[in-house]
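Colleague: Quick note on the numbering used here: the sequence shown kicks off at 185 and runs consecutively.
Could you have a look at this structure, given as structure tokens, before my questions?
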Amino acid sequence: MHDDIDSVAAPFEHAATSFAGRQRRRSMPGALMPVIVGVVLSLSGCGRDATLNDAAESTPVRVVLAATGPATATIRSHGLIANRDQVRLAFKISGIVREITVVEGAQVRRGQKLAVLEQTEIDAQVEQARQEHDKAQRDLNRGKRLHADQVISLEQLQDLRTRAAIARAALKTARFNRTHAVIVAPRDGTILHKLAEEREMVSAGEPVLILGTQDEGYIVNAGLADREIVQVKYGDVAQVRLDALPEALLTGTVTQIAAAADPSGGLFRIEVSLAPNELPLRSGMVARLAIVPSSAHAGERVYVPIGAIIEGRGHDAHVFVLEPGEKNTAGAQAHRRKVRIAFIEGEEVALADGLSAGEHVITDGAAYLEDGAAVYIVGPESPGAAP
185 MHDDIDSVAA
195 PFEHAATSFA
205 GRQRRRSMPG
215 ALMPVIVGVV
225 LSLSGCGRDA
235 TLNDAAESTP
245 VRVVLAATGP
255 ATATIRSHGL
265 IANRDQVRLA
275 FKISGIVREI
285 TVVEGAQVRR
295 GQKLAVLEQT
305 EIDAQVEQAR
315 QEHDKAQRDL
325 NRGKRLHADQ
335 VISLEQLQDL
345 RTRAAIARAA
355 LKTARFNRTH
365 AVIVAPRDGT
375 ILHKLAEERE
385 MVSAGEPVLI
395 LGTQDEGYIV
405 NAGLADREIV
415 QVKYGDVAQV
425 RLDALPEALL
435 TGTVTQIAAA
445 ADPSGGLFRI
455 EVSLAPNELP
465 LRSGMVARLA
475 IVPSSAHAGE
485 RVYVPIGAII
495 EGRGHDAHVF
505 VLEPGEKNTA
515 GAQAHRRKVR
525 IAFIEGEEVA
535 LADGLSAGEH
545 VITDGAAYLE
555 DGAAVYIVGP
565 ESPGAAP
């Protein structure tokens, strides 16, 4: 056996001087090829097994880029659509309602009769005022003749003139009140509310009907808490969605801000004026507001998906990131990073510090990682989505 091995090795040592050695040298590859191939395949199999083992020990993850967004959270609230121009219609005098000719939701035209008071007492008041006016005028005419005959003094004549003037004013007032015992529509519009019924006694100035007009458009009335009202300013932009028209997205601006909270609910009332639109809006529709405070444009914050946050406690939390040079390497490692949460905006989390825009943040799979864990990326990289 040893002699055979020596005879095989000798040609490699003396190949330049021996023809027979050259012959043996040419014959050896055929004899040793299976052995060499077996060794190569064995080594290749070991490498592939090592690669598979590395992949098996790595955790599949998805990665997004940290994005930037507004520095302040969007303020959300609910409110009701209303006509900007609403007129509260009332009688000038008290009385019993004889007739209301419209119902809620009715479309009316300018000058249309809407409600009438009982006229019996009003007509009697007009007649009484007319009789007193006529008597005062007769007394004045007689007084003028008596003064001309020097029967009464100038002072007495002036008193008669004063009484006649008072009676004339009383008659004018009574007639005016009679004309206002009827409510007519001051302009085209819609009856939003009916606040009285027929045969009901109403006081002077007490609203009977509320008329809304579309000439000035629509508004949204909403309420905000104290921590929200301090962020809102006149002119702030709001996005408005309606439950009745879920596909519609309206825009508006804040046009009124209450100086004091409503005692009944503790909220501060705001008014958002809607931009002109062709939607079939109705007073009383429920609206959802998303107000972007002007302070939101004063700076930016870094945003990450809420799925990237792990072990959150209060405003402190952690995320896993990939270093820039490791993103496309087979041996990528997840690095645990402490961050501080500013606020949550829908499915996104705004960070106060701990992360920079553009960093690679792990989302899916983050909950199963430890600091330094081996990972490999599945799926395409997603850009961050800020509000």
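Here a beta-carbon is modelled for each residue, glycine too, at the ideal position from N, C-alpha and C.
#1: Of all the alpha helix (DSSP H) runs that stay within the bounds of the region 399 to 469, which reach a length of 4 or more residues?
#2: State the Cα-Cα distance for the pair N237 and E543, rounded to the nearest angstrom.
#3: Over the uninterrupted beta strand (DSSP E) stretch that includes H377, give me the two end residues.
#4: What three-state label does DSSP hand I493 in the structure shown?
#5: Since I believe V523 is in contact with L506 (beta carbons under 8 angstroms), could you give me their beta-carbon distance rounded to a whole number of angstroms?
#6: Would you call K417 buried or exposed, if buried means 16 or more other Cβ atoms sit within 10 Å of its Cβ?
#7: Is it buried or exposed for S337, if we count other Cβ within 10 angstroms and need 16 for buried?
#8: If you drop the 5 nearest sequence neighbours on each side, which residues of the same chain put their C-beta closer than 7 angstroms to that of L216?
#9: Contact between the region 294 to 307 and the region 411 to 429 is defined here as three or more beta-carbon pairs at a separation below 8 angstroms; is this criterion met?
#10: Once you ignore the five residues that flank P391 on each side, which residues in its own chain have a CB closer than 6 angstroms to its CB?
#11: What are the boundary residues of the alpha helix (DSSP H) that includes R352?
#12: R314 to L395, Cα distance in whole Å?
#13: Just reading off the alpha helix (DSSP H) that E381 is part of, what are its end residues?
#14: From A550 to R497, what distance separates their C-alpha atoms?
#15: Provide the residue span of the alpha helix (DSSP H) that contains V310, from first to last.
#16: Quick one: is H317 buried, meaning 16 or more other Cβ sit within 10 Å of its Cβ, or exposed?
#17: Keeping to the same chain, check which residues put their C-beta closer than 7 angstroms to that of L463; ignore five residues upstream and five downstream.
#18: Return the residue from the list L451, R268, S478 that minimises the CA-CA distance to H262.
#19: Can you tell me whether S242 is helix, strand or coil according to DSSP?
#20: Once you ignore the five residues that flank A471 on each side, which residues in its own chain have a CB closer than 6 angstroms to its CB?
#21: Rounded to a whole number of angstroms, what is the C-alpha to C-alpha distance between H519 and A422?
#22: Please state whether DSSP places R551 in a helix, a strand or coil.
#23: Would you tell me roughly how many angstroms separate the C-alpha atoms of L449 and A501, rounded to the nearest one?
#24: With a threshold of 16 other CB atoms inside 10 Å of the CB of R150, please say whether the residue is buried or exposed.
#25: Please work out which residues of its chain come closer than 6 angstroms, Cβ to Cβ, to Q309, disregarding the five sequence neighbours upstream and downstream, and give them in chain order.
#26: Run the CB neighbour count on I259, radius 10 Å, all protein chains shown included, and call it buried at 16 or more, exposed below.
#27: What's the C-alpha gap between T346 and L324?
#28: Determine, using beta carbons only, whether A250 and L539 come nearer to each other than 8 angstroms.
#29: My output table needs one value for S261: the three-state DSSP class, helix, strand or coil.
#30: I'd like to check one pair, V488 with L473: are the Cβ atoms closer than 8 angstroms?
#31: Please report how far the alpha carbon of E381 lies from the alpha carbon of A348, in whole angstroms.
#32: Assuming P254 is part of the beta strand (DSSP E), what are its boundary residues?
#33: Provide the residue(s) that pair with H266 in DSSP beta bridges, ordered along the chain.
#34: Among V248, T256, V245, which residue has its Cα nearest to the Cα of S478?
#35: Give me the residue from I375, G563, A558, N361 with the minimum Cα distance to Q303.
#36: Check the DSSP bridge columns for F527 and list the partner residues they point to.
Modeller: From the atom records:
#1: 410 to 413
#2: With a pLDDT of only 47 at N237, under the threshold of 50, the placement of this residue in the model should not be trusted, and no figure is reported.
#3: 373 to 378
#4: coil
#5: Not a contact, Cβ separation roughly 15 angstroms.
#6: exposed
#7: exposed
#8: The predicted position of L216 is uncertain, since its pLDDT is 33 and thus under 50; a value taken from the coordinates is nonetheless stated next. The answer is none, since no qualifying residue turns up.
#9: no
#10: R272, A274, L379
#11: 338 to 363
#12: 35 angstroms
#13: Looking at the DSSP string, E381 is not in any alpha helix (DSSP H), and its letter there is neither H nor E.
#14: 17 angstroms
#15: 304 to 332
#16: buried
#17: L429, A432
#18: L451
#19: coil
#20: G263, I265, V404, V424, L426
#21: 40 angstroms
#22: In the sequence under discussion, the amino acid at residue 551 is Ala, which differs from the Arg named in the question. Note: A551 maps to helix in three-state DSSP.
#23: The question names Leu, yet the displayed sequence has Gly at residue 449. Whole-angstrom Cα-Cα distance: 35 angstroms.
#24: Examination of residue 150 is not possible in this model, given that the chain is present from 185 through 571 alone.
#25: A358
#26: buried
#27: 9 angstroms
#28: yes
#29: strand
#30: no
#31: 40 angstroms
#32: 251 to 254
#33: The identity of residue 266 in the sequence shown is Ala, whereas the question assumes His. Looking at the DSSP assignment, A266 forms a beta bridge with I403.
#34: T256
#35: N361
#36: A534
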